[in-house]
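J.: Quick one: this structure, given as structure tokens, is what I'll be asking you about.
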Amino acid sequence: MTTSTAPEELDGVRTPLRGRDAEMAFIEERLEALGRGRGGIVRVEGPAGIGRSRILAEAAAAARRGGTRVFEGAADPDDQFVPLGPLLEGVLAGEEPLSGAQRLRDLATTPGQRFWLLQELGDRLREAARNGPLLVVLDDLQWCDDLTLLTFHTLAAGLSSHPILWLVAVRAGSVPSGVRTTLDRIRQAGAHELVVEALEDRAIARITEDVLGAPPDPDVLRLARRAEGVPQLLVELLGSLREEAVTIENGMAGLPDGPPAPRQLPSVARRLDQLSEEARELVQTAAAVGGTATVALLAELLGRSSAALITAVRESLDADLLAESGDRLAFRHDLIREAVDAGLPLPLRQALRRQAAGLPPGRAPADAAEAEKPAPTDAAEADRLRTEAAELAATAPRPAAERSLKALELTAADAPERPRIIAETIPLLWQTGRAVQARELGASALAAGGLEPEDEALVRLALARLAVSFDFSEAVSQARAGAGLPGISVTARGRLLAMLAVGLSMSGEHAAAEQVAAEAWETAATAGDRAAEATLTTVRSAVSFHRMDLTEAFRQAERSAALADALGVSTSLWVPEALWHALLSNTTGRTAEALAVAEDGIRITREQGRTAATRMWLMTRSRILLEIGRLTDARADAEAASPTADDPGPGNLADVTLRYVMMRVAHHTGDRQTAQAYAAEARRMRGDDAPVVRHFGAWMLALMADLEGRPDRAMDELDGVMTSPAADRPAYAGLIDPADAPVLVRMALRAGAHERAAQAVAQAERRAALNPDLTFLAATAAHARGLLDNDLDRLAHAVRLYEDCPRVLARASALEDAGRKLAATRKPEAVLYFEKALSLYARAGAERDVARVRRRLRASGVRRRPFPARLDGEWPELTPAETRVVRLVARGLTNQQVAEILSLSPHTVSSHLRRAFTKLDVTSRAELPRLVKQRDSGE
């Protein structure tokens, strides 16, 4: 038996197990069954460094905690000449060896006693199992000698009725024939198989933080991803950086000097040392050449024949250092190649590279020219990668994208399947935050020309999906061009028409969207395409929403989300699947439901590594948080999801979510500087091709004019919206949200535009009448009517209706308006309304609204000591959210840990912390513990 460092150990310290919840849950189920007297076999399989040994160690520890007796053994490639060594060491060593240890050792070392050894070992295990369940762990089965393999599967079969669980691990890939036979036998005997895959992004980030002591910034995380989710490579890579290349600033681990040069890695060095001299030279030469290489090229560099390398090639493959890639050899991971290369003397590296680059040196080896050509079996490898990408797309888009890109790399420029691979790769790149790369890929394919109609249609469909979150008009253009191509399949045409309907709906061209959707339904029905049906059901919901039939809109939205869930997000044209449902719930006052859906969306997409979808969900949540009066949190989400300079297109989804949110927050807080910045964005939006973006831009400019005290200007800004064609006019007469109706009425009355105010009231009342079950809509209608008619009873009724709604700002506004009406004749009652409004505004952090209500209170004769709008105990400068973050950070927690505790994103935590630093006049986290101590002690 051998003892080796677990893959997740660094400097002898074991990091927490990350990203293996599913695997450990499976193991724990088997241990629970063992506790009930049911034994069996569990085979754990995975490539080198993936964490098989760590899972076995964690399982053994869990078994011991539960009172199970554990025997642990492991094979070693250098000890295969010791018959039965791994198994005997497992059952005879440790704190509780099997009884009769000496007799077992004697039988093992006496020639001709194999039969009696098996009998004796079986009897001893059977005897031990009578006293309680047993767990027998056997690691690295691929290195076990033949006698160990024979004994293992013989005993496992003979003792299957006893409470003995055999937990064995084997390296994936090529294994000796005796090991393969053993694996086949235990599979036939009903062994459970547990395949350990690469870690997802979330686990990679957590391990990076564990090793470096702080959350990684994007550069560090990008470097960590080079380990491709292999824990051993990841920990060793990070360990090599920890002391020299990484610095921690503002609570984040960064690379101030950029990515470091490649270094040797301990596990790679150990595996090299275990190779024969010939195999080691082969691997080192391949590393110096870089990329892939034919055996013939390596033979030429080593001065040998290809046949002479047969054993060395097999050995390097068995060691999991190299892998077959068609008729070439490639490194299993690029980090392994770099680590091997880094261990070579520089002169040798340079000489090998010059020699490889110079072939043929006056005389070309027969296959040197072939080394420059795509391998004849690259097409088969590309097909395999495409299949894997399709399987991974729904749950692990980042690995799927990498496989799709690799398939594209292996496919010749003139290969007929290349456009299809491009169409498959575009959405994967977009989902993982590489929209610019995705767009360039598609644009290059279209610009090159010569595509078959079906191929062009699929590329345009992918580009239309990409454009939905960036440029509504571009989505319409791509989908329309694709649907108009001659001779394309019914399925492609149906999906393009569905995407066209989505684009038109999101653009605000409702009449056109409805018309296209009707045609798309027929096409999708002919093709039997459920994915297109899910998309078109969402469009139907949007059409019903535009018609103010919210009951039908909800019904269709729920059906759409259910269809998309059943199909899987990767096949749905509407991404993410429940986004529309959340927006719909929020707009109609069902904000608790909307918030729950949005938070689930953020959590799930983060776990899956869907960067694009996560941003869309953050944008959606920012709208919801705004409406429920959590202004600071809304602003933080909007900042976290803000577009980057690399985003393609104007960012139309950002226009109608986060930019609108930032303007509204600035409006409520009186932040003119921020409002002016977003007013500039609004002016750009007024010129957008999409009507809905123009409408949002108009409303934002109207809010800006209101902030500046210019009601006439506000009405002018809305003229284009209010006079647009009725078919495409927003359902709320130019408004963004039902609660905006009282705001518009108030603006219009101040500007003397009574007709405009009456129009807004009529729309609000019609909407409420069509949807009598939605109290929030009745409240907004009563509020708007009370303002128009200057009717106290209507305003008081609105206040009562708002009581059961979570819309804090809308309720505060109704209280303020009712108080304003009462103030002329019944000041004491008015003060009560003002006090309630003030409390709600203060809780929301709406400083401008707070200041206005204070003025109304003073005008009503109330003299009170002003208090900060967001008073929070001993921290009057901070919001409650900021206070919670500060207190946790002061305890030494990282931003990532705080985010997990408070169910926030790390970016939101960072935003809260940055604002708290400014307000408290501190510059580092180190100052917070002292400040918390002072505040708590009343100093």
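Here numbering that gives the first Met the number 0 is used: the first residue of the sequence shown is 0, the next is one more, and so on. By construction, the Cβ of each residue, glycine as well, lies at the ideal position given by its N, Cα and C atoms.
1) Strictly by DSSP, which residues pair up with His191?
2) Using a threshold of 9 Å, state whether the C-beta atoms of Arg775 and Arg589 are closer than that.
3) Let's test the definition: count the other Cβ atoms within 10 Å of the Cβ of Asp138 and tell me whether it reaches 16, buried, or not, exposed.
4) For Asp322, does the three-state DSSP call read helix, strand or coil?
5) Rounded to whole angstroms, what's the CA-CA distance from Ser621 to Ala595? Just pull it up for me.
6) In or out: Asn789 buried (at least 16 other Cβ within 10 Å) or exposed?
7) Take every Cβ of the stretch 272-287, pair it with every Cβ of the stretch 338-350, and state whether three or more of those distances are shorter than 8 Å.
8) Helix, strand or coil for Ala368, going by three-state DSSP, please let me know.
9) Under the rule that 16 or more other beta-carbon atoms within 10 Å means buried, what is Val194, buried or exposed?
10) Alpha carbon to alpha carbon, how far is Ala747 from Glu716? Give it in angstroms, no decimals.
11) Pick out whichever of Pro710, Ala581 and Gly212 has its Cα sitting closest to the Cα of Tyr593.
12) Buried or exposed for Ser160, going by 16 or more other Cβ atoms inside 10 Å?
13) Roughly how many whole angstroms lie between the Cα atoms of Leu791 and Met699?
14) For my contact list, Glu954 and Val136 are in at a C-beta cut-off of 8 Å; report their separation, rounded to the angstrom.
15) Between the beta-carbon of Met703 and the beta-carbon of Met662, is there less than 9 Å?
16) Tell me, please, which residues DSSP counts as bridged to Gly253.
17) Could you tell me if Arg890 is buried or exposed, where buried requires 16 or more neighbouring beta carbons within 10 angstroms of its beta carbon?
18) Would you kindly report the start and end of the unbroken beta strand (DSSP E) that includes Ile163?
19) Excluding the 5 residues preceding and the 5 following Leu211 in the sequence, name in chain order all residues of the same chain whose CB lies nearer than 8 Å to its CB.
20) Using the Cα positions of Gly48 and Glu235, report the straight-line distance between them to the nearest angstrom.
21) Do Ser559 and Ser540 have their C-beta atoms closer together than 9 Å?
22) Taking the alpha carbon of Arg479 as the reference point, which residue from Leu106, Ala500, Phe469 and Thr490 has its own alpha carbon closest?
23) Taking His152 and Ile185 to be in contact with their CB atoms under 8 Å, please state how far apart those CB atoms are, rounded to whole angstroms.
24) Specify, as a first and last residue, the run of the alpha helix (DSSP H) that Leu773 falls within.
25) State the Cα-Cα distance for the pair Leu837 and Glu551, rounded to the nearest angstrom.
26) Taking the straight line between their C-alpha atoms, what separation do you get for Asp326 and Ala306?
27) I believe Asn894 touches Gly250 by the beta-carbon criterion, under 8 Å. Please report the beta-carbon distance rounded to the nearest angstrom.
28) Would you report the Cα separation of Pro259 and Gln354, rounded to the nearest angstrom?
29) Have a look at Arg755, Ala767, Ala809 and Arg397 and flag the residue whose alpha-carbon is nearest the alpha-carbon of Ala845.
30) Please report how far the alpha carbon of Ala5 lies from the alpha carbon of Leu345, in whole angstroms.
31) Helix, strand or coil: how does DSSP classify Leu877 here?
32) Assuming the contact rule is C-beta atoms closer than 8 Å, Thr939 and Leu404 should be a hit. Round their C-beta distance to whole Å, please.
33) What do you reckon, are the CB atoms on Gly600 and Trp579 nearer than 9 Å?
34) Thinking C-beta only, is Leu134 closer than 9 Å to Thr67?
35) Pairs of beta-carbons, one from the stretch 623-641 and one from the stretch 602-609, closer than 8 Å: are there three or more?
36) Just to confirm the assignment, what range does the alpha helix (DSSP H) spanning Val467 have?
T.: Taking the structure as given:
1) Val41
2) In the sequence as presented, Arg is not what sits at residue 775; that position holds Phe. In this structure, Arg589 lies closer than 9 Å to Phe775 by Cβ.
3) buried
4) The sequence shown places Ala at residue 322, not Asp. Of the three classes helix, strand and coil, the one that applies to Ala322 here is strand, per DSSP.
5) 13 Å
6) exposed
7) yes
8) A caution first: Ala368 carries a pLDDT of 38, below 50, which makes its placement in the model unreliable, though a value can still be read off. Helix.
9) exposed
10) 12 Å
11) The amino acid occupying residue 593 in the given sequence is Ala; Tyr does not appear at that position. When each option's Cα is compared against that of Ala593, the closest is Ala581.
12) exposed
13) 29 Å
14) Beyond the ends of the chain as shown, which are 0 and 938, falls residue 954; an answer cannot be given.
15) yes
16) Thr246
17) exposed
18) Ile163 to Arg170
19) Val219, Leu237, Leu240, Arg241, Val245, Ile247 and Ala252
20) 10 Å
21) yes
22) Ala500
23) 6 Å
24) Note, Leu773: premise wrong, no alpha helix (DSSP H); not H, not E.
25) 38 Å
26) 14 Å
27) 5 Å
28) 27 Å
29) Ala809
30) Residue placement at Ala5 is poorly supported in this model, since its pLDDT is 40, which falls under 50; the coordinates are not used for a value here.
31) coil
32) Because the chain here runs from 0 to 938, residue 939 falls outside it and cannot be looked at.
33) no
34) yes
35) no
36) Looking at the DSSP string, Val467 is not in any alpha helix (DSSP H), and its letter there is neither H nor E.
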